[in-house]
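Note sheet for the following structure.
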Amino acid sequence: MKYLLTLIFTTATCALFAQWTELTTGTTNHLNAVQFVNENIGFSIGDNGTFLKTADGGENWTVQSLSSAEQFKGMYFVNSGTGFICSNNHLYQTTDGGENFTEMTSMLMTASAPSEPMHQIRIFFNGDVGIITALWAPVTVVALKTDDGGASWSEFTVPVAGTGFGDVNYSIVNSSTVYAVKK
C-alpha cells in the first residue's frame with residue numbers, strides 16, 4: 271500500500287508540472303510581477319518601465335513602456351480597469367486598464383512625510399481593501415488605506431516600521447483586520 275500511494279503521488283505531481291506552458295511576452299526586460307483579474311485579462315510589470323497587458327489569457331501581450339528609468343516592483347489591479355503600479359519612488363494609477371496612467375505619488379506627501387525623497391513604495395490589496403506604504407530614509411513611514419478600491423484614501427499608523435521596512439508584509443483580511451509581519 272505504501273508503494274501504491276508513492277506511485278500515485280509521483281504520477282499526480284508529474285501530471286501537475288506537465289500543465290505549465292511558457293508564454294512569449296514580447297519583451298526581454300526582467301518581469302517582477304504578474305496578475306490576472308480573470309481568465310483572459312492579465313497584467314505584468316518589470317524593469318525599464320515595462321508594463322504588459324493581455325486580453326486573451328496570455329497568448330498575446332501588449333507592451334507599453336511608461337518610463338525607461340523605472341523598475342516597477344509592485345502592482346495590484348482591483349478589476350480589469352482600475353489598477354496601481356509602483357517603483358521604489360513613484361506610484362501610478364490607471365482607470366482604463368493600463369491605456370493611461372496618472373502619477374499618484376503626491377498623495378503620499380502627507381503632513382507626516384519628511385522633505386527627503388522617499389525610496390520605497392509597496393502595495394497590498396485584498397479585493398477593494400488596500401494599503402499603500404512609503405518609506406523615507408531612514409525610518410519615517412506613511413501608510414494609506416482604502417476600503418473602496420482606491421477611490422478614496424486615509425492615512426493610518428503603521429505598527430511595524432523602521433530599518434528593514436522592505437521586509438514587512440501585510441495580509442489584509444478585511445477593512446478592520448490587517449496582519450503585519452517583519453523579518
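Here the sequence shown is numbered in the working numbering, starting from 271 and rising by one per residue. Each residue gets a CB set at the ideal place from its N, CA and C atoms; glycine is no exception.
Chain-order list of residues whose beta-carbon lies under 6 Å from that of glutamine 334 (same chain, five-residue window excluded): Phe321
Could you check the C-alpha separation between threonine 364 and methionine 374 for me, to the nearest Å? 10 Å
Beta strand (DSSP E) segment containing alanine 421, residue limits: Per DSSP, alanine 421 belongs to no beta strand (DSSP E) and is neither H nor E.
Return yes when the Cβ of asparagine 396 is within less than 7 Å of the Cβ of isoleucine 442, no when it is not. yes
What residue range is occupied by the uninterrupted beta strand (DSSP E) comprising valine 451? 447-452
Going by alpha carbons, who is nearest to glutamine 305 out of Lys415, Lys343 and Leu414? Lys343
What is the rounded straight-line gap between the Cα of serine 350 and the Cα of tyrosine 362? 16 Å
If we require 3 or more residues per run, which beta strand (DSSP E) segments fall completely within the stretch 322-401? 332-335, 344-347, 353-356, 361-364 and 388-396
DSSP on isoleucine 442, reduced to helix/strand/coil? strand
Report back the beta-carbon spacing between glutamate 340 and serine 314 to the nearest angstrom; my notes put them in contact at under 8 Å. Actually they do not touch by this definition, with Cβ atoms about 14 Å apart.
Starting from the C-beta of glycine 319, find all residues in its chain whose C-beta is less than 6 Å away, skip the five residues before and the five after it, and write them out in chain order. Ser335, Leu336, Ser337, Ser338 and Glu340
How many Å lie between phenylalanine 394 and threonine 297 at the Cα? 26 Å
Shortest alpha-carbon distance to aspartate 326 belongs to which of Asn299, Tyr449, Gly400 and Leu293? Leu293
Note down, in chain order, each residue of its chain lying with its Cβ closer than 7 Å to the Cβ of asparagine 310, except the 5 sequence neighbours on either side. Ala325, Asp326 and Gly327
From the DSSP output, read off the bridge partner residues of isoleucine 315. Ala303 and Phe321
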